[in-house]
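Heads up: the sequence shown at position 88 corresponds to 88 in the working numbering, and the numbers run straight through without jumps. Glycine is no exception: its CB is placed at the ideal position from the N, C-alpha and C atoms.
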Amino acid sequence: MAELGPRPLILASGSRARRRMMEDAGLAFDVVLPTIDEKAASAAMHAQGAEPLPPAVAEYLARAKAEDVSQRMPSAVVIGGDQVLNLGRQLLAKAADQPAARATLTQLRGRTHELHSAVAIARGGETIWSMVDTARLTMRSFTDAFMEHYLAREGDGILEAVGAFRLEGLGAQLFECIEGDYFTILGLPLLPLLAQLRTRELLMK
């Protein structure tokens, strides 16, 4: 495992993909779920004025999650993450069920969308660093038959992912072109996070 400083490291996210990425990178950490209402937090952001851009929404929510857990565990170094998908000017949420996943895939089929993944580090209840990275993905014009095969094979696991796909699985076959960092697409800008932890002497240099 990677060597950490004296403060415990906490992941403020229930995402299995983020947890797996950090584990595979050799980080030792605990998971503490944030208690914020993401829909309410997003609505509050929208109510502040002009329509926020999708990257700003992702970063706002990542910071809110990290700060929520950090306020309860002020001695820890807390990592929060969030991901937002936009198709043009429309933001798409996670599908609630299989019919909603089918509708999402139908909407994305043959088109290019953007994924914005944000990460934040909080300590003592305040964000001390955050950033957001963007990837562009173009889905191929797959057949209805392939979509039904995909939904049956992947099951409800895709309901955990915005866009109803997991690139590390059968979802790779949905695409014809991808521009951007692989970790960003999975939901966490991992390399900038690791660099920041090294800068703050929380990982070995």
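Problem - C-alpha gap between Ala44 and Val77, whole angstroms - result: Locating residue 44 in the sequence shown gives position 44, where the first residue counts as 1. Locating residue 77 in the sequence shown gives position 77, where the first residue counts as 1. Cα-Cα distance, rounded: 26 Å.
Handout entry: Per-residue DSSP class, three states only, for Gly5
Key = Taking the first residue of the sequence shown as position 1, residue 5 is located at position 5. Low local confidence applies: a pLDDT of 46 at Gly5 is under 50, so the model's placement there is unreliable, with the coordinate-based value given in what follows. Per DSSP, reduced to three states, the secondary structure at Gly5 is coil, with no helix or strand assignment.
Problem - Enclosing alpha helix (DSSP H) for Gln48 [first to last residue] - result: For the purposes of this step, residue 48 is taken as residue 48 along the sequence shown, with counting starting at 1. Boundaries cannot be given for Gln48, as no alpha helix (DSSP H) includes it and DSSP labels it neither H nor E.
Exercise for the section: Out of Thr199, Glu23 and Gln173, state which residue places its alpha-carbon closest to the alpha-carbon of Leu137. Expected result: Within the sequence shown, numbered from 1, the residue matching residue 137 stands at position 137. In terms of CA proximity to Leu137, Gln173 leads the group Thr199, Glu23 and Gln173.
Exercise for the section: Determine the extent of the beta strand (DSSP E) in which Arg123 is found, giving its start and end residues. Expected result: One-based indexing of the sequence shown puts residue 123 at position 123. For Arg123, the uninterrupted beta strand (DSSP E) run begins and ends at Thr112 to Arg123, by DSSP.
Handout entry: Ala161 to Leu115 span [Cα, whole Å]
Key = Taking the first residue of the sequence shown as 1, we reach residue 161 at position 161. Taking the first residue of the sequence shown as 1, we reach residue 115 at position 115. CA-to-CA, the gap between Ala161 and Leu115 works out to about 11 Å.
Exercise for the section: Quick one: residues in its chain with C-beta nearer than 7 Å to the C-beta of Phe183, no 5 flanking neighbours on either side, listed in chain order? Expected result: By one-based count along the sequence shown, residue 183 stands at place 183. Met21, Pro189, Leu190 and Leu191.
Practice task
Give the secondary structure of Ile36 by DSSP, where H, G and I count as helix, E and B as strand, and everything else as coil.
Solution key: For the purposes of this step, residue 36 is taken as the residue at position 36 of the sequence shown. Note: Ile36 maps to coil in three-state DSSP.
Problem - Whole-Å CB distance - Arg109 paired with Ser141, under 8 Å assumed - result: Stepping through the sequence shown from its first residue, residue 109 is reached at position 109. Stepping through the sequence shown from its first residue, residue 141 is reached at position 141. The pair is a contact, with the Cβ atoms about 6 Å apart (cut-off 8 Å).
Problem - As assigned by DSSP and simplified to three states, the class of Gly80 - result: Here residue 80 corresponds to residue number 80 of the sequence shown, with the count starting at 1. In the structure shown, the three-state DSSP call for Gly80 is strand.
Practice task
Please report the residue range of the beta strand (DSSP E) in which Phe183 lies.
Solution key: As a first step, residue 183 must be located in the sequence shown, where it is residue number 183. Going by DSSP, Phe183 is part of no beta strand (DSSP E) but of the alpha helix (DSSP H) stretching over Tyr182 to Leu186.
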